[in-house]
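The letter at position 128 of the sequence shown is residue 128 when you use UniProt numbering, and the numbering goes up by one with no holes. Even for Gly, the Cβ is constructed at its ideal location relative to N, Cα and C. If you're wondering where the values come from, they're calculated on a predicted model, not measured in any experiment. Below is one structure, written out as structure tokens; comments come after it.
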Amino acid sequence: MYQIELIEFLKPMEDAKNLFVGNINVKSDTMDPETLKLVFYKSFSRFGILFEVKVFFYTSLTSTKAIDSNTCNKDGEAKKQTSHYAFVKFYSKMSAQQAKSSLHLTSIVGTDACKVDYAKRKKISENDKQVLYITQCYDLANFYLGFNGWSSAIKQLTVDTAETDSSANEETCRATCIVDLHIHKSGLKVTGLGISETSFSCRDLTSKIQAFAVGKKRSHQNAIQNAFSKVILIVLSNGKVSAAINSNVKEHVEEFKPEYGYLSVNNLEQEPEESSDEQEPEESSDDEDLEILDRRNISILQGLGQDVG
Numbered sequence: 001m002y003q004i005e006l007i008e009f010l011k012p013m014e015d016a017k018n019l020f021v022g023n024i025n026v027k028s029d030t031m032d033p034e035t036l037k038l039v040f041y042k043s044f045s046r047f048g049i050l051f052e053v054k055v056f057f058y059t060s061l062t063s064t065k066a067i068d069s070n071t072c073n074k075d076g077e078a079k080k081q082t083s084h085y086a087f088v089k090f091y092s093k094m095s096a097q098q099a100k101s102s103l104h105l106t107s108i109v110g111t112d113a114c115k116v117d118y119a120k121r122k123k124i125s126e127n128d129k130q131v132l133y134i135t136q137c138y139d140l141a142n143f144y145l146g147f148n149g150w151s152s153a154i155k156q157l158t159v160d161t162a163e164t165d166s167s168a169n170e171e172t173c174r175a176t177c178i179v180d181l182h183i184h185k186s187g188l189k190v191t192g193l194g195i196s197e198t199s200f201s202c203r204d205l206t207s208k209i210q211a212f213a214v215g216k217k218r219s220h221q222n223a224i225q226n227a228f229s230k231v232i233l234i235v236l237s238n239g240k241v242s243a244a245i246n247s248n249v250k251e252h253v254e255e256f257k258p259e260y261g262y263l264s265v266n267n268l269e270q271e272p273e274e275s276s277d278e279q280e281p282e283e284s285s286d287d288e289d290l291e292i293l294d295r296r297n298i299s300i301l302q303g304l305g306q307d308v309g
């Protein structure tokens with residue numbers, strides 16, 4: 001039976017995605033931590049895309065009673081030994097499980113068998129969840145959806161300035177960007193909002209130009225990240241991938257509603273006629289929109305199940 005996994009564009013924090021690699025015995029003078037990272041990346045990336053690889057080392061003293069000539073110097077004194085351990089973090093639980101089963105008690109590096117197990121962390125709260133950086137969003141989307149499986153387009157980009165400190169002659173550049181993210185295979189479209197504020201000197205034209213450029217770039221990056229945070233990847237163990245919209249993430253586009261001016265009317269020469277033919281427009285609530293999204297996501301899952309069958 002095939003397994004189904006939901007992957008969000010968030011920093012992986014679960015223990016089931018984080019592997020601990022111990023019993024790494026290599027000489028520090030022959031292989032530094034950066035080289036070890038490359039070795040682990042090559043070994044573990046065969047099972048799926050990696051979020052990060054971290055290698056640490058610690059130094060321990062061997063007891064003076066040790067009789068092993070490799071751990072004692074000529075005078076019989078204790079000798080320092082450097083050992084390493086690593087953390088390998090996947091985006092997918094299924095990939096981490098495959099890597100653990102295949103690489104546990106194998107000689108990943110050196111001659112000794114390395115121990116691979118799930119890392120143990122404290123419980124994760126909602127506040128610990130972090131959206132992936134833009135380059136990580138690109139890597140994850142390209143891996144599961146393909147380079148041509150998605151696209152983005154800027155829908156709106158505005159820049160406003162406001163005086164922050166008149167005595168210091170400083171102003172703030174506020175850049176606002178809205179992007180549309182399209183998932184072609186699933187036929188989905190989500191909107192992302194990004195805002196960035198940068199201060200600059202009124203007396204320096206170069207500072208203003210740089211602030212505008214940096215503000216536009218950062219607001220676009222934030223909008224892309226915000227759009228990807230609303231996407232859920234549906235990954236099957238047979239390799240099939242689809243996408244759905246996370247209905248729990250609210251859209252934050254109310255800031256872009258234009259502020260229209262209104263006229264205050266005190267007296268009317270004639271009362272307006274009431275028409276019985278006019279019907280009040282039906283208002284669509286957020287709950288109805290969420291129900292539509294949920295039904296669409298369920299249909300996607302059912303379609304995947306039929307393909308598997």
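Item	Value
Where Q130 falls, given that 16 or more other Cβ within 10 Å makes a residue buried	exposed
Candidates N25, V231, G22: closest to L140 by CA position	V231
Range of the contiguous beta strand (DSSP E) that encloses I209	First-last for I209: 205–228, but that is the alpha helix (DSSP H), not the beta strand (DSSP E).
Inter-stretch contact (C-beta, 8 Å, three-pair minimum) for the stretch 15–27 and the stretch 82–92	yes
Those residues which DSSP pairs with residue 313 across a bridge	Residue numbering for the chain in the displayed model covers 1 to 309; residue 313 lies beyond these limits and cannot be assessed.
The stretch 230–245 contacting the stretch 194–207, beta-carbon criterion three pairs below 8 Å	no
6 Å CB neighbourhood of E163 in its chain, flanking five on each side removed	E171
Whole-Å CB distance - F44 paired with A99, under 8 Å assumed	5 Å
Buried versus exposed call for Q136 [16 or more other C-beta atoms within 10 Å across all chains shown]	buried
S95, DSSP secondary structure in three states	helix
Backbone secondary structure at S102 - three-state DSSP	helix
Cut-off 7 Å between Cβ atoms - residues of its own chain near F143, not counting five sequence neighbours on either side	I49
Exposure label - E8; buried when at least 16 CB within 10 Å	buried
For S242, the residue or residues it bridges with in DSSP	I234
Counted within 10 angstroms of its Cβ, other Cβ atoms place Y260 as buried (16 or more) or exposed	Note on Y260: pLDDT 35, under 50, position unreliable in the model; no value is reported.
Beta-carbon proximity check, A175 vs G239, cutoff 8 Å	no
Helix, strand or coil at I134 [DSSP, three-state]	helix
Rounded C-alpha distance that separates Q225 from T111	43 Å
Neighbourhood of C177 by C-beta, 6 Å cutoff - its chain only, sequence neighbours within 5 removed	L157, G194, S219, H220, A223
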